[in-house]
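Undergrad: In the working numbering, the protein residues as written are 1 to 107.
This is the structure I have questions about; it appears just below.
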């Protein structure tokens, strides 16, 4: 695999994981406020899955300087910080969901 196709594949992976993490963000708050899922095992499994999908995002953003070549140095720093905050958010929400919630909505 040449370097250009490797960069494209890495960018696609980053975008796909970013979309999956955004869906996780929506899932967390939809379940928290509306209690969408009644099955405790399913919603805990989904929470852990969204956390696991978010873990590679800051790693890819930090290690790949050529991920988005149009971004300036400060833009890459902001991207890395945003993905790290997304990972931190998903970790805390997964911890709350797995340890404390029992499948019902909070409100």
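By construction, the Cβ of each residue, glycine as well, lies at the ideal position given by its N, Cα and C atoms.
On the criterion of 16 or more Cβ atoms from any shown chain inside 10 Å, does residue 83 qualify as buried, or is it exposed?
TA: Taking the chain shown and counting its residues from 1, one reaches residue 83 at position 83. That one is buried.
Undergrad: How many Å lie between residue 51 and residue 15 at the Cα?
TA: Here residue 51 refers to the residue found at position 51 when the chain shown is read from its first residue. Here residue 15 refers to the residue found at position 15 when the chain shown is read from its first residue. One C-alpha to the other measures close to 16 Å.
Undergrad: Among the residues of its own chain, which have a CB less than 8 Å from the CB of residue 30, if the five just before and after it don't count?
TA: In the chain shown, the residue the question calls residue 30 occupies position 30. Counting only Cβ-Cβ distances below 8 Å, and skipping sequence neighbours, we find 36.
Undergrad: Helix, strand or coil: how does DSSP classify residue 60 here?
TA: Start at 1 with the first residue of the chain shown, and residue 60 comes out as number 60. If DSSP states are grouped into helix, strand and coil, residue 60 belongs with the helices.
Undergrad: At the level of alpha carbons, what is the spacing between residue 55 and residue 97?
TA: Locating residue 55 in the chain shown gives position 55, where the first residue counts as 1. Locating residue 97 in the chain shown gives position 97, where the first residue counts as 1. Spanning the two alpha carbons is a distance of roughly 17 Å.
Undergrad: Which whole-angstrom value describes the C-beta separation of residue 116 and residue 71, a residue pair presumed to lie in contact below a C-beta threshold of 8 Å?
TA: Outside the modelled stretch of the chain, which goes from 1 to 107, sits residue 116, for which no answer is possible.
Undergrad: Just mark residue 21 as buried or exposed, buried being the case when its beta carbon has 16 or more other beta carbons within 10 Å.
TA: As a position in the chain shown, residue 21 is number 21, starting the count at 1. Classification of residue 21: buried, given that the 10 Å Cβ count is 16 or more.
Undergrad: Please report the Cβ distance between residue 53 and residue 17, rounded to the nearest whole angstrom; I am assuming they are in contact, meaning their Cβ atoms lie under 8 Å.
TA: Within the chain shown, residue 53 is the residue found at index 53, counting from 1. Within the chain shown, residue 17 is the residue found at index 17, counting from 1. 6 Å between Cβ atoms; contact.
Undergrad: Can you tell me the Cα-Cα spacing of residue 26 and residue 46, whole angstroms?
TA: Numbered from its first residue, the chain shown carries residue 26 at position 26. Numbered from its first residue, the chain shown carries residue 46 at position 46. Straight-line Cα distance between these residues: approximately 12 Å.
Undergrad: Are there 16 or more other CB atoms within 10 angstroms of the CB of residue 69, so buried, or fewer, so exposed?
TA: Locating residue 69 in the chain shown gives position 69, where the first residue counts as 1. Under this definition residue 69 is an exposed residue.
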